[in-house]
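Undergrad: Keeping their order, the protein sequence lines are chains A and B.
The opening position of the first sequence corresponds to residue 1 in my numbering, with each subsequent residue numbered one higher.
The opening position of the second sequence corresponds to residue 1 in my numbering, with each subsequent residue numbered one higher.
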Amino acid sequence: MTEKDTDSSPETGSDAAISRRDVLIVTGASIASAGIGGHGANAASSVANIEAPTAQSAKVRLSVNGVSHLLEIDNRQSILDVLRERLQLTGTKKGCNQGACGACTVHLDGKRVNSCLTLAVMHDGAAITTIEGLKQGDTLHPLQAAFVEHEGFQCGYCTSGQIMSGLACITEEHAQSVDDIRFWMSGNICRCGAYPGICAAVRATAQDA
Amino acid sequence: MSTSVFGQSIPRVDGPLKVSGGARYAFEFNQSGQLYAVIVNATIGIGRIVSIEATGVEQMPGVRAVISHLNAPKLTYSPHKGVIDPAVGERLRVFQDEQIRFFGQPVAVIVADTLDQAEHAATALRLRYDAQAPLTEIDDPRAQPIVAQQTAAANARVAADRERGSADQAFADTDVKVDAIFRMARENHSPMEPHATVASWEGDSLTVWSKSQYVLNERAELAAIFGIPPENVLVICPFVGGAFGTSLRTWSHVGIAALAARVVGRPVKLALTRKQMFLDTGHRPRTDQRIAIAATNQGKLTAIIHEATAETSRYEEFIEGITNQTEFLYSCPNVRTRYRLVPTDTSTPTYMRAPGECTGMHALECGLDELAAALDLDPIELRRRNEPTVDESNGRPFSSRSLLQCLETGAERFGWSQRNPRPGSMRDGRWQIGWGVAGSTRGAPQAPADASVRLLPDGRVEVASATSDMGPGTYTSMAQVAAATLGVPVERIKFELGRSDMPTAPSHGGSWTMASVGNAVRSACLAAQDAAVRRAVEDPASIFHGLTADVLHWKDGTLGRKNGEGPRLDQVALLRGGMPIDVRTTASRSTDIANRYSMYGYAAFFTEVAVDADLGIVRIRRMLGVYGIGKVVNPRLARSQCIGGMVGGIGMALMERTVLDQRDGRPVNAHMADYLVPVNLDVPTLETQFLDEQDDAVNPLGIKGIGELCIIGVAPAIANAVYHATGKRVRELPIRIENLLGA
Ligand code: FES
Ligand code: FES
Numbered sequence: 001m002t003e004k005d006t007d008s009s010p011e012t013g014s015d016a017a018i019s020r021r022d023v024l025i026v027t028g029a030s031i032a033s034a035g036i037g038g039h040g041a042n043a044a045s046s047v048a049n050i051e052a053p054t055a056q057s058a059k060v061r062l063s064v065n066g067v068s069h070l071l072e073i074d075n076r077q078s079i080l081d082v083l084r085e086r087l088q089l090t091g092t093k094k095g096c097n098q099g100a101c102g103a104c105t106v107h108l109d110g111k112r113v114n115s116c117l118t119l120a121v122m123h124d125g126a127a128i129t130t131i132e133g134l135k136q137g138d139t140l141h142p143l144q145a146a147f148v149e150h151e152g153f154q155c156g157y158c159t160s161g162q163i164m165s166g167l168a169c170i171t172e173e174h175a176q177s178v179d180d181i182r183f184w185m186s187g188n189i190c191r192c193g194a195y196p197g198i199c200a201a202v203r204a205t206a207q208d209a
Numbered sequence: 001m002s003t004s005v006f007g008q009s010i011p012r013v014d015g016p017l018k019v020s021g022g023a024r025y026a027f028e029f030n031q032s033g034q035l036y037a038v039i040v041n042a043t044i045g046i047g048r049i050v051s052i053e054a055t056g057v058e059q060m061p062g063v064r065a066v067i068s069h070l071n072a073p074k075l076t077y078s079p080h081k082g083v084i085d086p087a088v089g090e091r092l093r094v095f096q097d098e099q100i101r102f103f104g105q106p107v108a109v110i111v112a113d114t115l116d117q118a119e120h121a122a123t124a125l126r127l128r129y130d131a132q133a134p135l136t137e138i139d140d141p142r143a144q145p146i147v148a149q150q151t152a153a154a155n156a157r158v159a160a161d162r163e164r165g166s167a168d169q170a171f172a173d174t175d176v177k178v179d180a181i182f183r184m185a186r187e188n189h190s191p192m193e194p195h196a197t198v199a200s201w202e203g204d205s206l207t208v209w210s211k212s213q214y215v216l217n218e219r220a221e222l223a224a225i226f227g228i229p230p231e232n233v234l235v236i237c238p239f240v241g242g243a244f245g246t247s248l249r250t251w252s253h254v255g256i257a258a259l260a261a262r263v264v265g266r267p268v269k270l271a272l273t274r275k276q277m278f279l280d281t282g283h284r285p286r287t288d289q290r291i292a293i294a295a296t297n298q299g300k301l302t303a304i305i306h307e308a309t310a311e312t313s314r315y316e317e318f319i320e321g322i323t324n325q326t327e328f329l330y331s332c333p334n335v336r337t338r339y340r341l342v343p344t345d346t347s348t349p350t351y352m353r354a355p356g357e358c359t360g361m362h363a364l365e366c367g368l369d370e371l372a373a374a375l376d377l378d379p380i381e382l383r384r385r386n387e388p389t390v391d392e393s394n395g396r397p398f399s400s401r402s403l404l405q406c407l408e409t410g411a412e413r414f415g416w417s418q419r420n421p422r423p424g425s426m427r428d429g430r431w432q433i434g435w436g437v438a439g440s441t442r443g444a445p446q447a448p449a450d451a452s453v454r455l456l457p458d459g460r461v462e463v464a465s466a467t468s469d470m471g472p473g474t475y476t477s478m479a480q481v482a483a484a485t486l487g488v489p490v491e492r493i494k495f496e497l498g499r500s501d502m503p504t505a506p507s508h509g510g511s512w513t514m515a516s517v518g519n520a521v522r523s524a525c526l527a528a529q530d531a532a533v534r535r536a537v538e539d540p541a542s543i544f545h546g547l548t549a550d551v552l553h554w555k556d557g558t559l560g561r562k563n564g565e566g567p568r569l570d571q572v573a574l575l576r577g578g579m580p581i582d583v584r585t586t587a588s589r590s591t592d593i594a595n596r597y598s599m600y601g602y603a604a605f606f607t608e609v610a611v612d613a614d615l616g617i618v619r620i621r622r623m624l625g626v627y628g629i630g631k632v633v634n635p636r637l638a639r640s641q642c643i644g645g646m647v648g649g650i651g652m653a654l655m656e657r658t659v660l661d662q663r664d665g666r667p668v669n670a671h672m673a674d675y676l677v678p679v680n681l682d683v684p685t686l687e688t689q690f691l692d693e694q695d696d697a698v699n700p701l702g703i704k705g706i707g708e709l710c711i712i713g714v715a716p717a718i719a720n721a722v723y724h725a726t727g728k729r730v731r732e733l734p735i736r737i738e739n740l741l742g743a
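(1) Note down, in chain order, every chain B residue with its Cβ under 8 Å from the Cβ of P196(A).
(2) Do Y675(B) and ligand 2 come close, with the Cβ less than 6 Å from some heavy atom?
(3) If you drop the 5 nearest sequence neighbours on each side, which residues of the same chain put their C-beta closer than 6 Å to that of E3(A)?
(4) Less than 7 Å between CB atoms is the rule here; does K18(B) satisfy it with respect to chain A?
(5) Quick one: is K191(A) buried, meaning 16 or more other Cβ sit within 10 Å of its Cβ, or exposed?
(6) Cβ of M655(B) versus every heavy atom of ligand 2: is any distance shorter than 6 Å?
(7) Which residues in chain B sit within 9 Å of V148(A), going by Cβ to Cβ distance?
(8) Please state the DSSP three-state secondary structure of W416(B).
(9) Identify the contact partners of A58(A) in chain B, using a Cβ-Cβ distance below 7 Å as the criterion.
(10) Are there three or more Cβ pairs, one per stretch, closer than 8 Å when the segment 68–86 of chain B is compared with the segment 215–224 of chain B?
(11) Hey, would you say the C-beta of R419(B) is under 6 Å away from at least one heavy atom of ligand 2?
(12) Tell me the start and end of each unbroken beta strand (DSSP E) in the segment 22–99 of chain B that is at least 3 residues and wholly inside, in chain order.
(13) So what does DSSP say about K555(B), is it helix, strand or coil?
(14) From G616(B), S205(B), H306(B), pick the residue whose C-alpha is nearest to that of P230(B); which is it?
(15) What is the DSSP secondary structure of E387(B), reduced to helix, strand or coil?
(16) Report the neighbours of A23(B) on chain A: residues whose CB is nearer than 7 Å to its CB, in chain order.
(17) According to DSSP, simplified to helix, strand and coil, what is D661(B)?
(18) Quick one: is H671(B) near chain A, going by C-beta distance under 7 Å?
(19) At a Cβ cut of 9 Å, what residues of the segment 413–426 of chain B count as close to chain A, listed as they run along the chain?
(20) Given the structure, does M755(B) come close to ligand 2, in the sense that its CB is under 6 Å from one of the ligand's heavy atoms?
(21) Closer than 7 Å, CB to CB, is Q207(A) near chain B or not?
(22) Taking a cut-off of 6 Å, which residues have a beta-carbon closer than that to any heavy atom of ligand 2, in chain order?
(23) Under 9 Å, CB to CB, which of the residues in the segment 452–484 of chain B have a partner in chain A?
(24) Is the closest heavy atom of ligand 1 to the C-beta of G99(A) under 6 Å?
(25) Listed in chain order, which residues of the segment 302–319 of chain B have Cβ atoms closer than 8 Å to some Cβ of chain A?
(26) Is the Cβ of C96(A) closer than 7 Å to any Cβ of chain B?
(27) Is E426(B) helix, strand or coil when you go by DSSP?
(28) Please say whether V533(B) and L547(B) have beta carbons closer to each other than 7 Å?
(29) T92(A) and V106(A) look like a contact to me (Cβ under 8 Å); what is the Cβ gap, rounded to whole Å?
(30) Does F605(B) come out as helix, strand or coil in the three-state DSSP assignment?
(31) For the segment 161–185 of chain A, which residues have a CB atom closer than 8 Å to at least one CB atom of chain B, in sequence order?
(32) Cβ atoms of G104(B) and L216(B): under 7 Å apart, would you say?
Written out as structure tokens, the structure reads:
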């Protein structure tokens with residue numbers, strides 16, 4: 001696993017580019033907190049150059065697509081917002097922010113979850129895979145390629161969630177038949193109505209797997 | 001058009017980007033130093049704001065501004081009405097006074113360092129109101145229907161009253177008839193991507209990355225709001241995460257984002273929450289319709305009466321052509337239509353996929369099914385007996401018309417002849433089985449559009465137009481048109497869209513993008529070839545120097561002599577590392593053509609439903625759509641659109657309805673869990689078939705458009721199948737379990 005540390009200021013979600021100085025400061029932080037578990041006041045008090053956390057925030061280590069991040073996180077912040085607004089991983093989408101559409105589906109410690117309903121502070125040390133983590137170099141993951149091949153989308157906004165759910169469906173062995181897939185993919189709404197293509201893509205990938 | 005990628009099912013050129021999370025939607029254009037804005041909405045139906053207690057909220061961590069009518073700058077709001085804005089009325093002006101016109105009207109915006117801070121502060125802001133009781137329903141006894149100003153003239157595009165023959169008399173004089181009222185729910189577009197705008201000012205110039213189906217109108221609207229020249233506004237939107245009409249207009253949140261950015265002097269990101277998507281971003285209006293149809297015993301129509309009443313807001317008259325199809329779809333000497341609006345204390349409706357047609361055709365196609373039952377005649381046969389030879393609403397010939405062919409082709413493939421016409425006669429265990437059919441029609445419009453083409457010396461071609469892609473595959477289909485016209489491989493084409501500084505395009509809606517922008521791309525490519533020929537004959541270093549242009553021609557991407565002598569040169573050889581060739585042209589439909597023909601696409605839908613005899617649950621078992629839409633640029637993309645239309649139609653028929661609390665007009669089911677749309681398990685195998693149709697009149701590419709046609713007719717096919725399964729006519733949409741329970 002590569003170690004990449006990330007902007008640890010709790011108050012910005014804005015900057016894609018992190019200055020070298022920030023990286024150095026935070027690198028120190030990640031080393032200092034590594035043995036402690038990086039949680040709450042203990043972790044933060046051992047770290048120089050970072051403001052003592054208030055009751056509103058905590059230090060959280062997340063591994064995202066194999067890259068480790070140490071983040072000072074607003075306790076209200078969902079994994080979805082951490083991904084999109086802090087880590088600039090905007091491939092994971094916000095459709096409803098209420099757990100009702102599946103657009104925000106990611107894999108958290110190997111299981112699919114609605115990241116909009118998952119508070120980051122409760123998942124210190126978690127390993128997350130997002131849509132950005134599926135490609136091998138320039139090569140699409142077979143399920144990604146199957147979505148293109150089988151027209152598993154139109155606008156593409158639900159697609160990241162569909163693919164992350166579809167992958168989970170296959171590992172859960174819920175992709176044995178099209179009916180099976182329909183059932184286990186029904187937590188992911190596609191307003192463009194690309195369901196037949198989504199099923200075909202998941203089925204084809206499951207059969208090839 | 002040469003050996004061609006036109007008509008081929010190539011995969012989407014932007015597919016790999018979309019499946020890897022790389023396609024960037026509006027909210028994802030992060031700007032350095034940006035802040036987050038969250039809107040606060042009124043919690044009363046009508047009245048005025050008495051006070052806003054902002055002090056405590058301003059002190060909350062990270063909060064940079066609390067903007068309301070108390071402190072917002074007065075904005076210019078110059079008159080501006082785009083073609084997608086209601087022509088009569090005045091748009092909502094945000095934070096300019098204390099009046100509340102509808103539940104959910106924006107009353108303040110919070111700007112903070114982080115999204116969580118802004119959201120929290122928005123929940124903490126306390127407002128006091130002086131509230132009155134709103135009128136929210138069109139069938140409220142206090143409701144007062146009006147004739148919309150624009151519909152007053154008998155020759156208006158959408159007319160309040162229009163009649164040929166004498167429909168009421170003929171209806172009274174005929175024996176076989178139906179007379180039914182259809183009630184249809186308000187619907188919300190509910191695209192997966194919420195509305196969002198990122199706004200950034202530099203001096204008096206504004207850039208927004210904003211979800212829009214019409215970047216040019218967004219530019220014009222923002223310029224009008226702030227009183228700046230349109231050239232000072234740049235709107236960028238390369239991807240639209242579904243819209244179905246809700247991103248045609250520029251709603252209040254766009255101006256709010258720009259206003260907030262101006263007040264705080266930093267870029268601001270603003271997205272609507274899912275709940276806010278139900279408040280002030282348009283909806284398909286709630287309607288009541290009466291359809292009355294009479295026929296002779298032989299099934300020849302004698303009279304059709306179609307009356308519609310729809311909601312609009314108090315501040316704008318939103319109109320749509322609900323009764324227009326009724327005027328021409330079937331041959332009938334006596335037709336009367338009527339259309340009224342009821343202004344209510346809610347926000348303004350807007351175009352939603354197949355606006356008007358979806359609503360009106362449901363009543364007409366269900367009415368016709370009822371008439372067929374009354375006549376004991378097959379519904380397809382009834383349509384066959386009333387097939388017109390000309391458009392009887394205006395006497396024009398059809399440029400092409402394929403309704404019967406769609407019905408007959410579909411009947412064959414669906415196995416319609418196996419249908420026992422008696423309702424309730426088909427059964428599969430506890431499930432009652434029903435088969436239903438309905439027709440569909442929609443205009444084949446073309447709007448003036450511009451496109452630019454740049455031929456580069458290395459062989460690449462850049463094509464652009466300020467259109468959008470909300471999912472149909474504009475990037476791909478336009479590249480195909482360009483590649484086919486130029487005779488070059490599609491990989492060489494780069495089509496770009498979604499910026500207001502690109503050549504003018506009409507709104508990306510109304511099923512006219514392919515016909516409008518596609519034909520503009522075609523003519524720009526032809527103009528680029530002409531320009532290349534001119535350069536070649538004028539350039540002393542060219543092997544074609546001194547020839548007249550008319551002895552040369554382009555074929556398969558190469559230029560050479562028509563007589564076949566001498567070499568042929570492709571783009572690279574012709575431009576020889578010199579300057580690119582740049583052209584920009586307009587394409588539009590001539591008035592002559594527009595006035596000469598009646599131009600429509602047609603479709604037919606067949607569906608099988610199963611209704612649980614005890615529980616009233618309706619499941620769709622299969623569906624087939626057959627479409628006569630002229631030329632299809634890319635069948636796999638068109639098929640996806642058609643499947644999307646069927647899924648949308650299933651939602652309309654069985655699920656979608658926005659329910660307002662009559663005490664205050666609050667949409668009570670304003671989220672994805674209670675505003676039901678079809679999920680994967682609701683959607684069975686769906687089949688599509690395109691007729692091989694050539695229509696040379698509609699436009700040079702022969703394109704009619706499909707995005708709306710493919711949803712119209714789906715809901716009535718389902719409703720008619722439910723009747724066939726159960727013997728019950730449910731004249732309400734959506735059809736719910738409670739409609740089917742009991743005797
Ligand atoms: S955004 Fe998480 S379920 Fe909809
Ligand atoms: S592809 Fe548009 S919502 Fe699924």
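Don't be surprised by glycine CBs; every beta carbon is placed ideally from N, CA and C.
TA: Quick look at the numbers:
(1) What you label residue 196(A) is simply residue 196 of the first sequence in a count that begins at 1. Within chain B, the residues near P196(A) are I643, V683, T685, L686.
(2) Taking the first residue of the second sequence as 1, we reach residue 675(B) at position 675. Not under cutoff, so the answer is no.
(3) Locating residue 3(A) in the first sequence gives position 3, where the first residue counts as 1. Residue placement at E3(A) cannot be trusted, given a pLDDT of 43 that sits under 50; what the coordinates show is reported in the next sentence. Around E3(A): S68.
(4) Counting from one through the second sequence, the residue named residue 18(B) turns up at place 18. Interface residue, yes.
(5) On the first sequence, residue 191(A) is found 191 positions in, with the first residue counted as 1. Rather than Lys, the amino acid found at residue 191(A) in this sequence is Arg. The residue is buried, with at least 16 neighbouring Cβ atoms inside 10 Å.
(6) Working through the second sequence from its first residue, we reach residue 655(B) at position 655. No, the Cβ of M655(B) stays beyond 6 Å of every heavy atom of ligand 2.
(7) Within the first sequence, numbered from 1, the residue matching residue 148(A) stands at position 148. The contacting residues are P11, R12, G15, P16, K18, V19.
(8) For this step, residue 416(B) is matched to residue 416 along the second sequence. Note: W416(B) maps to helix in three-state DSSP.
(9) For the purposes of this step, residue 58(A) is taken as residue 58 along the first sequence, with counting starting at 1. Result: empty, since nearest Cβ-Cβ is about 13 Å, beyond 7 Å.
(10) yes
(11) Walking along the second sequence from the start, residue 419(B) turns up at place 419. No, the Cβ of R419(B) stays beyond 6 Å of every heavy atom of ligand 2.
(12) 35–41, 46–53, 63–68
(13) Locating residue 555(B) in the second sequence gives position 555, where the first residue counts as 1. K555(B): strand per DSSP, three-state reduction.
(14) Counted from its first residue, the second sequence places residue 230(B) at position 230. The shortest Cα separation from P230(B) among G616(B), S205(B), H306(B) belongs to S205(B).
(15) Along the second sequence, read from residue 1 onward, the residue named residue 387(B) stands at position 387. Here E387(B) sits in coil by DSSP.
(16) As a working mapping, residue 23(B) is identified with position 23 in the second sequence. Within chain A, the residues near A23(B) are G156.
(17) On the second sequence, residue 661(B) is found 661 positions in, with the first residue counted as 1. Of the three classes helix, strand and coil, the one that applies to D661(B) here is strand, per DSSP.
(18) Your numbering for residue 671(B) matches position 671 in the second sequence. Cβ-Cβ to chain A under 7 Å: yes for H671(B).
(19) none
(20) Residue 755(B) is absent from the model: chain B starts at 1 and stops at 743.
(21) Start at 1 with the first residue of the first sequence, and residue 207(A) comes out as number 207. So no, Q207(A) is outside the interface.
(22) F153(A), Q154(A), C155(A), G156(A), Y157(A), C158(A), T159(A), C190(A), R191(A), C192(A), A194(A), M192(B), G242(B), G471(B)
(23) D469, M470, G471, P472, G473
(24) One-based indexing of the first sequence puts residue 99(A) at position 99. Yes, the Cβ of G99(A) comes within 6 Å of a heavy atom of ligand 1.
(25) none
(26) As a first step, residue 96(A) is located in the first sequence; it is residue number 96 there, counting from the start. True, the Cβ-Cβ gap to chain B drops below 7 Å.
(27) Position 426 of the second sequence holds residue 426(B). Rather than Glu, the amino acid found at residue 426(B) in this sequence is Met. Here M426(B) sits in strand by DSSP.
(28) Against the second sequence, residue 547(B) aligns to sequence position 547. Against the second sequence, residue 533(B) aligns to sequence position 533. No. Outside cutoff.
(29) By one-based count along the first sequence, residue 92(A) stands at place 92. By one-based count along the first sequence, residue 106(A) stands at place 106. Right, the Cβ-Cβ distance comes to about 6 Å (below 8 Å), so this counts as a contact.
(30) The residue given as residue 605(B) occupies position 605 in the second sequence. Three-state DSSP puts F605(B) in a strand.
(31) I163, I181, R182, F183, M185
(32) For the purposes of this step, residue 216(B) is identified with residue 216 of the second sequence, where counting begins at 1. For the purposes of this step, residue 104(B) is identified with residue 104 of the second sequence, where counting begins at 1. Taking 7 Å as the Cβ cut-off, L216(B) and G104(B) do not qualify as a contacting pair.
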